[in-house]
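Sequential numbering of the sequence shown, starting at 1, is according to the UniProt record's numbering.
We put the beta carbon where it would ideally sit given N, CA and C, even for glycine.
What you are looking at is a predicted structure, and each value in this text was computed from that prediction instead of being measured.
First the structure, in the form of structure tokens, and then the observations on it.
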Amino acid sequence: MRGIILAAGKGTRLYPITLPCCKPLLPVYDKPMIYYPLSVLMEAGVRDILVITPPDEMSSFENLMGDGSQYGVNISYVVQKVQRGIADAFIIGKEFIGDDNVCLALGDNIFFGPDFNAKLHQAVEGMEKNGAAVFGYYVEDPRPFGVVEFNDDGMAVSIEEKPAQPKSNYIVPGLYFYNNKVVDIAAGVQPSARGELEITSVNNAYLENGELSVVSLNQEFSWFDAGNANSLLETAEAVKEAQASGSMIACPEEIGFRKQWITADQLKACAEKLGKTEYGKYLAKLV
1 MRGIILAAGK
11 GTRLYPITLP
21 CCKPLLPVYD
31 KPMIYYPLSV
41 LMEAGVRDIL
51 VITPPDEMSS
61 FENLMGDGSQ
71 YGVNISYVVQ
81 KVQRGIADAF
91 IIGKEFIGDD
101 NVCLALGDNI
111 FFGPDFNAKL
121 HQAVEGMEKN
131 GAAVFGYYVE
141 DPRPFGVVEF
151 NDDGMAVSIE
161 EKPAQPKSNY
171 IVPGLYFYNN
181 KVVDIAAGVQ
191 PSARGELEIT
201 SVNNAYLENG
211 ELSVVSLNQE
221 FSWFDAGNAN
231 SLLETAEAVK
241 EAQASGSMIA
251 CPEEIGFRKQ
261 WITADQLKAC
271 AEKLGKTEYG
281 KYLAKLV
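As structure tokens, then:
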């Protein structure tokens, strides 16, 4: 399975913070925002990753993550010249995806919580069995999101984008698993009223064919859409609190080491490069 991180958003809701750099490069507590979706893909077993960047900002991402070898993965980059919606990622990434399955992670969505790895593998299994898998996450106000409707048996029956009257409190956050059919499905998606290729259209195409699995995340899990100043601060505070136990959230070097994708010597080199930072000290303790 291949992975794509869509990190091309301008972050207009965060202006003026995002005027000098795009949103996925902003810090979320002690690490760049893009480390969080990168780590999720790695936890799901993905090693070939395409990062879709805004025009003129590819070099910033390359300076941060390089080719991914320090994490034990292969990272490549491509520019989204015009923002056309989430489903455009599969059109841009068609050649990269090839004949493989694919997981798409949004560059500003952050997930963590107990047994999240088990949920990731459940989603991968759901995709392999049915064709596609997404998460359903409970929120108090689902209106700004894609909302999942369930029948009495707990099966998903519809997904509606930004409904005025939501049919449930479960939304689809920014992590999606698809078989290779998604390339053709995305190519056939028509722009919505707001002129975007909606990911909800892709999900509904699978749902209508009985090929979509929805994995529910209860409220013990943490999910954040770090799209404005308040949510960015809230996310950073939640990460800080969660890491108070001594475990790091979204540490790609640790994940690569734990999965034996990098050696102890490589991990040590990463720790030394980061010097006396708390992040570097954490890597040194792992060594």
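Bridge partner(s) assigned by DSSP for A8: A8 pairs with nothing; no bridge assigned.
Since M33 contacts G107 with CB under 8 Å, what's their CB separation in whole angstroms? 7 Å
Under 8 Å by Cβ, that's how I've got A238 and F224 pegged, so tell me the actual separation to the nearest angstrom. 7 Å
Could you name the residues of the same chain whose beta carbon sits closer than 6 Å to that of S76, not counting the 5 residues immediately before and after it, in chain order? L50
Go through its chain and collect everything with a Cβ distance to I185's Cβ below 6 Å, but skip five positions before and after it. V202 and A205
Using a Cβ-Cβ cutoff of less than 6 Å, which residues in the same chain neighbour S192 once the five nearest sequence positions on both sides are dropped? E198
Quick test of the definition: if touching needs 3 or more C-beta pairs under 8 Å, does the stretch 170-186 touch the stretch 97-105? yes
Roughly how many angstroms separate the alpha carbons of M42 and G256, rounded to a whole number? 8 Å
Give the C-beta separation of A156 and L207 to the nearest angstrom, bearing in mind that I take them to be a contact with Cβ-Cβ under 8 Å. 6 Å
What number of angstroms, rounded off, separates the C-alpha of M248 from the C-alpha of K119? 19 Å
Exposure of P252, with buried meaning 16 or more beta-carbon neighbours within 10 Å: buried
Let me make sure I understand the geometry here. Which of A7, A87 and I159 has the alpha-carbon closest to that of P37? A7
Rounded C-alpha distance that separates residue 299 from D265: Nothing can be reported for residue 299: it is not among the residues displayed for the chain, which extend from 1 to 287.
Since E196 contacts R13 with CB under 8 Å, what's their CB separation in whole angstroms? That pair is no contact at about 16 Å.
Residue environment, N117, which counts as buried when at least 16 other CB atoms sit within 10 Å: exposed
Just tell me which of Q122, A250 and V147 has its CA closest to the CA of S213. Q122
Using 8 Å as the threshold, is the C-beta distance between I4 and A89 below it? yes
Between G101 and the rest of its own chain, which residues show a CB-CB distance below 8 Å, the 5 nearest in sequence each way excluded? For the sequence presented, residue 101 should be read as Asn rather than Gly. M1, R2, M127, E128, F177, Y178, N179 and N180, listed in sequence order.
Please state whether DSSP places Y138 in a helix, a strand or coil. strand
CB-CB under 8 Å to E220, same chain, minus the five flanking residues each way: which ones, in chain order? G113 and P114
Which same chain residues end up closer than 8 Å to K31 when comparing Cβ atoms and leaving out the 5 residues on each side of it in sequence? A250, C251 and Y279
Please report how far the alpha carbon of Q80 lies from the alpha carbon of A87, in whole angstroms. 12 Å
Starting from N218, follow its DSSP beta bridges and name the residues at the other end. Beta-bridge pairing links N218 to no other residue.
Own chain partners of R143 with C-beta closer than 8 Å, once the 5 adjacent residues on each side are dropped: K162, P163, A164 and P166
N74 and D56: beta carbons closer than 8 Å? no
Taking DSSP as the reference, what is the three-state secondary structure of G131? coil
Provide the residue(s) that pair with T48 in DSSP beta bridges, ordered along the chain. A small correction: the amino acid at residue 48 is Asp; Thr does not occupy that position in the sequence shown. Paired residues: N74.
DSSP on T53, reduced to helix/strand/coil? strand
By how many angstroms is the C-alpha of Y15 removed from the C-alpha of M58? 20 Å
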